[in-house]
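Asker: The structure's right below; bear with me while I get my questions together.
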Amino acid sequence: MLLLHRLTWLRIAAAWGLFTLFMLVLVYAQALIGAAPWHGRTLLLAPLIYGLTGTLLTPLVFVLAQRFDLTAGRAHWLPYLLVHAAASVALTIAYRAVFLSALFLVGNAQAPVSWAAIFSGVNFWVPIYWMLLFVVYALDYYARWQRRNVEASRLEMQLAQSQLQVLKQQLNPHFLFNTLNGIATLIGDEPRAAQRMTAKLGEFLRLVLDHTDAHQVPLAQELHFIELYLEMEQVRFAGRLAVSVEVTPAAQLAVVPHLLLQPLVENAVRHGLSAPGVGSVHIRADRRGDQLVLEVRDSGPGPYPTTPHGVGLANTEQRLRLLYGTRYALALEAAPAQGAVVRLELPFTTLISPQP
């Protein structure tokens with residue numbers, strides 16, 4: 275809900291200031307045409323006291339709107355509505371009592387402080403309460419709408435930055451040099467393998483460039499992209515990298531954020547081959563209830579408690595937070611036998627199902 279900060283106070287005071295000015299003009303016009311008795315002090319003080327009292331009581335409406343939020347859901351709607359109905363009458367009575375008492379204190383003997391005089395304004399000020407309540411919820415809705423737009427803009431920027439970062443990482447001259455060098459090595463001894471790897475590199479580049487605007491892609495397409503990347507890494511490391519991918523039937527229809535796995539797999543390759551010998555990377559996808567569980571496991575030395583999350587993992591977590599809010603989980607853990615495993619849990623969605 276909308277909090278009462280300095281700007282909100284200024285807006286409340288400005289709104290009641292305009293109302294006071296309107297009342298001054300109205301009362302003065304009525305006095306000129308004889309529709310209302312002319313009492314100079316009352317003519318000036320009554321609208322001013324109206325405005326001042328309204329300025330002081332309006333924040334209570336904000337507090338009540340926040341405490342008994344009519345937009346909180348159907349379960350609370352009726353009791354909260356009754357609370358606001360009672361509050362509208364109570365605040366109206368308080369408003370009239372303060373107003374009449376103030377007039378009496380400044381010397382207006384024609385302003386009787388009685389229950390009849392207090393209740394005489396209920397039919398006018400109760401609608402004012404509900405109008406203020408409507409304004410509170412309208413301002414709150416507008417503030418939330420602005421926040422959603424800002425978050426959507428941040429998401430677009432994050433996705434663009436993530437895609438750009440991947441392009442820079444994968445298409446830099448060093449990466450292309452290593453890949454082309456591996457292909458050149460195969461040309462003499464295994465020309466067919468070199469031809470296949472050239473085709474994979476072309477397909478890899480095409481996939482990267484053709485899907486730079488995609489936010490979500492089918493899991494099968496994301497894994498195909500990762501497999502192409504890993505196949506070229508296998509060429510680069512000349513048989514030192516073992517790769518396995520496991521996708522359960524329940525997970526095959528899922529869609530995932532595009533380029534989600536690439537930084538995690540890149541980290542797994544780097545850590546899995548940090549020690550001499552053959553390293554391995556295992557990717558697994560499964561569905562558990564309404565969650566899609568993705569795991570990237572390597573055979574490296576494993577994570578250490580004092581080692582902070584890398585940039586790739588931090589960027590992935592930030593992107594997931596923007597996409598799913600709190601409806602995701604990301605964990606970096608030691609694998610049961612050896613190495614490290616990154617586990618992601620995301621809301622399970624398909625191309626034909628709406629985002630939950």
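Numbering (my numbering), first residue to last: 275 to 630. For every residue, glycine included, the Cβ atom is placed at its ideal position computed from N, Cα and C. Being a predicted model, the structure only gives us computed values, none of them experimental.
What does a CB cutoff of less than 7 Å around Phe342 pick up in its chain, not counting 5 residues either side in sequence?
Answerer: Reading the sequence shown from its first residue, position 68 is the one you call residue 342. If we look at Phe342 and ignore the five residues flanking it on each side, its Cβ neighbours are Tyr354, Val357, His358.
Asker: Determine the burial state of Gln536: buried for a count of at least 16 other Cβ atoms within 10 Å of its Cβ, exposed for fewer.
Answerer: In the sequence shown, residue 536 corresponds to position 262, counting from 1. Buried, since its Cβ has 16 or more Cβ neighbours within 10 Å.
Asker: Under the rule that 16 or more other beta-carbon atoms within 10 Å means buried, what is Asn541, buried or exposed?
Answerer: The sequence position of residue 541 within the sequence shown is 267, counting from 1. Result: buried.
Asker: Distance, Cα to Cα, Ala467 vs Arg601?
Answerer: Sequence index remark: in the sequence shown, residue 467 carries index 193 (1-based). Sequence index remark: in the sequence shown, residue 601 carries index 327 (1-based). In a straight line, the C-alpha of Ala467 is about 44 Å away from that of Arg601.
Asker: Could you have a look at Ser573 and say whether DSSP puts it in helix, strand or coil?
Answerer: As a working note, residue 573 is residue 299 in the sequence shown. Of the three classes helix, strand and coil, the one that applies to Ser573 here is coil, per DSSP.
Asker: On a CA-only basis, which of Ser548, Leu406, Ala611 is nearest Gly328? Give me that one, please.
Answerer: Numbered from 1 along the sequence shown, position 54 holds the residue referred to as residue 328. Closest by alpha carbon: Leu406.
Asker: So Tyr403 and Thr366 are supposed to be a Cβ contact under 8 Å. How far apart are they, rounded?
Answerer: One-based indexing of the sequence shown puts residue 403 at position 129. One-based indexing of the sequence shown puts residue 366 at position 92. At roughly 6 Å, the Cβ-Cβ gap stays under 8 Å, so Tyr403 and Thr366 are in contact.
Asker: Report the residue from Arg595, Leu618, Leu597, Leu596 whose alpha carbon sits nearest the alpha carbon of Leu606.
Answerer: On the sequence shown, residue 606 is found 332 positions in, with the first residue counted as 1. Among Arg595, Leu618, Leu597, Leu596, the Cα nearest to that of Leu606 belongs to Leu618.
Asker: Give the straight-line distance between the Cα atoms of Leu620 and Phe293, rounded to the nearest whole angstrom.
Answerer: Residue 620 sits at position 346 when you count from the first residue of the sequence shown. Residue 293 sits at position 19 when you count from the first residue of the sequence shown. Straight-line Cα distance between these residues: approximately 52 Å.
Asker: Could you tell me which residues DSSP puts in a beta bridge with His556?
Answerer: One-based indexing of the sequence shown puts residue 556 at position 282. Answer is Ser518, Arg571, bridged to His556.
Asker: Work out the CA separation of Leu284 and His498 for me, nearest whole Å.
Answerer: Translated into positions along the sequence shown, residue 498 becomes position 224. Translated into positions along the sequence shown, residue 284 becomes position 10. The straight-line gap from Cα to Cα measures roughly 57 Å.
Asker: Quick check on DSSP: helix, strand or coil for Leu566?
Answerer: In the sequence shown, residue 566 corresponds to position 292, counting from 1. Three-state result, Leu566: strand.
Asker: How many Å lie between Leu295 and Pro321 at the Cα?
Answerer: As a first step, residue 295 is located in the sequence shown; it is residue number 21 there, counting from the start. As a first step, residue 321 is located in the sequence shown; it is residue number 47 there, counting from the start. Rounded to whole angstroms, Leu295 to Pro321 spans 8 Å at the Cα level.
Asker: Got a sec, what are the start and stop residues for the alpha helix (DSSP H) Ala473 sits in?
Answerer: As a working note, residue 473 is residue 199 in the sequence shown. Segment 465-484, the alpha helix (DSSP H) holding Ala473.
Asker: Are there 16 or more other CB atoms within 10 angstroms of the CB of Leu352, so buried, or fewer, so exposed?
Answerer: On the sequence shown, position 78 is the one that residue 352 refers to. Exposed.
Asker: Looking only at C-alpha atoms, which of Val509, Val482, Leu504, Gln420 sits nearest to Glu464?
Answerer: Numbered from 1 along the sequence shown, position 190 holds the residue referred to as residue 464. The residue with the shortest Cα to Cα distance from Glu464 is Val509.
Asker: Quick one: what's Gln490 bridged to in DSSP?
Answerer: Position 216 of the sequence shown, counted from the first residue, corresponds to residue 490. Partner(s): Pro531.
Asker: Tell me whether Pro523 sits in a helix, a strand or coil according to DSSP, three-state version.
Answerer: As a first step, residue 523 must be located in the sequence shown, where it is residue number 249. In this structure, Pro523 counts as helix in the three-state DSSP scheme.
Asker: I'd like to know if the segment 510-519 and the segment 470-487 are in contact, where contact means that at least 3 CB-CB pairs between them fall below 8 Å.
Answerer: Output reads no: the segment 470-487 does not touch the segment 510-519.
Asker: Got a sec? Which residues, its chain only, sit under 8 Å from Tyr369 by beta carbon, not counting five neighbours each side?
Answerer: Numbered from 1 along the sequence shown, position 95 holds the residue referred to as residue 369. Result list for Tyr369: Thr327, Gly328, Leu331, Gly395, Trp399, in chain order.
Asker: Express the C-alpha separation of His532 and Leu445 in angstroms, rounding to a whole number.
Answerer: Here residue 445 refers to the residue found at position 171 when the sequence shown is read from its first residue. Here residue 532 refers to the residue found at position 258 when the sequence shown is read from its first residue. Here the model assigns Leu445 a pLDDT of 45, short of 50, so the residue's position is not dependable, and the following value carries that caveat. If you take the alpha carbons of Leu445 and His532, they lie about 17 Å apart.
Asker: What residue from Val552, Leu538, Arg562, Ala588 has the CA that sits closest to Ala614's CA?
Answerer: Residue mapping note: residue 614 aligns to position 340 of the sequence shown, counting from 1. Of Val552, Leu538, Arg562, Ala588, the residue nearest in Cα terms is Leu538.
Asker: Going by DSSP in three states, Ala232 sits in which element: helix, strand or coil?
Answerer: Not covered by the structure: residue 232. The range shown for the chain is 275 to 630.
Asker: List the whole-angstrom C-beta distance separating Ala559 from Ala603, where the pair is believed to meet the contact cut-off of C-beta under 8 Å.
Answerer: Looking up residue 559 in the sequence shown gives position 285. Looking up residue 603 in the sequence shown gives position 329. The pair is not a contact, with the Cβ atoms about 15 Å apart (cut-off 8 Å).
Asker: Given a cut-off of 8 Å on the beta-carbon distance, is the pair Arg544 and Phe622 in contact?
Answerer: Residue 544 sits at position 270 when you count from the first residue of the sequence shown. Residue 622 sits at position 348 when you count from the first residue of the sequence shown. Result no, Cβ atoms of Arg544 and Phe622 do not sit closer than 8 Å.
Asker: Compare the C-alpha of Ile286 against each of Gly325, Val570, Thr624 and name the closest.
Answerer: In the sequence shown, residue 286 corresponds to position 12, counting from 1. Selected option, being the one with the closest Cα: Gly325.
Asker: State buried or exposed for Trp419, treating a residue as buried only when at least 16 other CB atoms are found within 10 Å of its CB.
Answerer: Indexing the sequence shown from 1 puts residue 419 at position 145. The residue is exposed, with fewer than 16 neighbouring Cβ atoms inside 10 Å.
Asker: Report the rounded CA-to-CA distance for Arg470 versus Thr459, giving the unit in angstroms.
Answerer: Residue numbering aside, residue 470 sits at position 196 when the sequence shown is read from its first letter. Residue numbering aside, residue 459 sits at position 185 when the sequence shown is read from its first letter. C-alpha separation (whole angstroms): 13 Å.
Asker: Could you have a look at Ala346 and say whether DSSP puts it in helix, strand or coil?
Answerer: Residue 346 sits at position 72 when you count from the first residue of the sequence shown. DSSP places Ala346 in coil when its eight states are reduced to three.
Asker: Cα-Cα, which of Tyr415, Ala417, Gly291, Met506 is closest to Asn455?
Answerer: Here the question's residue 455 lines up with position 181 in the sequence shown. Among Tyr415, Ala417, Gly291, Met506, the Cα nearest to that of Asn455 belongs to Met506.
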